[in-house]
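Peer 1:
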Amino acid sequence: MTVYGIGLGPGDADLLTIEGKRLLEAADTVYASGELSQSIAADHVPAATIEELSFPMTDDDEQLRRAWRTAARRVAEANRVGDVAVVTLGDPNVYSTFGHLRRTLDVLYPDVEVEVIPGVSAATAFASALGVEIEAGSGIALREAIDGVAPVGPDRLVLFKVTDAETTAEKLAEAGYDVRFGRRLFMEGETVITDDPADLTDGGYFTLAYAEKRDLDREFLTDEFRTEESQSDELRTDEFRTEGQR
Ligand SMILES: C[S@@+](CC[C@H](N)C(=O)[O-])C[C@H]1O[C@@H](n2cnc3c(N)ncnc32)[C@H](O)[C@@H]1O
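The sequence shown begins at 209 in the numbering used here and counts up one residue at a time.
(1) Below 8 angstroms between beta carbons: does that hold for Gly298 and Gly228?
(2) Measuring from the CB of Leu297, is there a heavy atom of ligand 3 at a distance below 7 angstroms?
(3) Which residue from Thr210, Met209 and Asp220 puts its Cα closest to that of Arg392?
(4) Would a C-beta distance cut-off of 8 angstroms place Phe208 and Gly242 closer than the cut-off?
(5) Is it the case that the CB of Pro218 approaches a heavy atom of ligand 1 more closely than 7 angstroms?
(6) Nearest to Phe414 by CA position, among Ala330, Val315 and Asp251, is which residue?
(7) Should Ala240 be listed as close to ligand 1, given that the test is whether its C-beta is under 7 angstroms from any heavy atom?
(8) Please classify Ser245 as buried or exposed, where buried requires at least 16 neighbouring CB atoms within 10 angstroms.
(9) Between Val352 and the rest of its own chain, which residues show a CB-CB distance below 6 angstroms, the 5 nearest in sequence each way excluded?
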């Protein structure tokens, strides 16, 4: 019997992996934390079968440890009688409460077998949603930017937990970055993509930012296709000819 940490993906229920869906449907007990995870999971298993696993948003260390111990005990008990699915938004190993649960299980219930099923993380899903290409050869860093924090340094940054977009944007602009925000990406009918932080004044939790240093040097082999000769029909069809025809 196994505890599966299953990544649900960024919001759209269709972005759950096939393996995640198979294990979720087969689990004897399903735990989810938060409304959003519950509603995505409910697209795959009956809502009434999903149990809430509570992870409080607090800075009180003792309260947090108590919640993790309680969650680990519930999961370990359920695991005595069957497979357990613990679903998390995105990927379970990327800035996720699942990490606290897994570490607590490792220490307090070392016999419990835990397996992680990766999900599409906002760490990569943002790129498709915002139309950003992280080109081969370039680097990108993940950081958190809660309460107006603005980490700087790398050429490209994905910032999670952006709760004060205006302050973060201001600081990043001063440090020489262009910034774009994505809120509730892949969540039906609710997505906001903007470079204007004034569109995001209410501090909604599911907001990330992509920051890129202004005037980055970019050279691609495909730049050659922009030359005049390359625009000719002859070159456009060249690849379809055999050697003998050229
Ligand atoms: C606790 S982290 C969870 C990350 C998740 N495990 C993942 O891999 O994407 C929550 C933060 O992830 C970002 N996030 C997750 N899903 C998102 C989405 N669909 N749209 C925008 N931001 C998202 C937000 O910055 C949010 O504050």
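We put the CB at the ideal spot given by N, CA and C, even for glycine.
Peer 2: The answer reads as follows:
(1) Here the question's residue 298 lines up with position 90 in the sequence shown. Here the question's residue 228 lines up with position 20 in the sequence shown. Result no, Cβ atoms of Gly298 and Gly228 do not sit closer than 8 angstroms.
(2) The model depicted lacks ligand 3 and carries ligand 1 instead.
(3) Counting from one through the sequence shown, the residue named residue 392 turns up at place 184. Measuring from the Cα of Arg392, the nearest candidate turns out to be Asp220.
(4) Limits of the chain in this structure are 209 at one end and 454 at the other, which puts residue 208 out of reach.
(5) Within the sequence shown, residue 218 is the residue found at index 10, counting from 1. Yes, ligand 1 has a heavy atom inside 7 angstroms of this Cβ.
(6) Here the question's residue 414 lines up with position 206 in the sequence shown. That would be Ala330, whose Cα lies nearest to the Cα of Phe414.
(7) Reading the sequence shown from its first residue, position 32 is the one you call residue 240. Answer for Ala240: no, Cβ out of range of ligand 1.
(8) By 1-based counting over the sequence shown, the position of residue 245 is 37. Around the CB of Ser245, 16 or more other CB atoms lie within 10 Å, so the residue is classed as buried.
(9) Locating residue 352 in the sequence shown gives position 144, counting from the first residue. It is Glu, not Val, that sits at residue 352 in the sequence shown. Here the set comprises Phe368 and Lys369.
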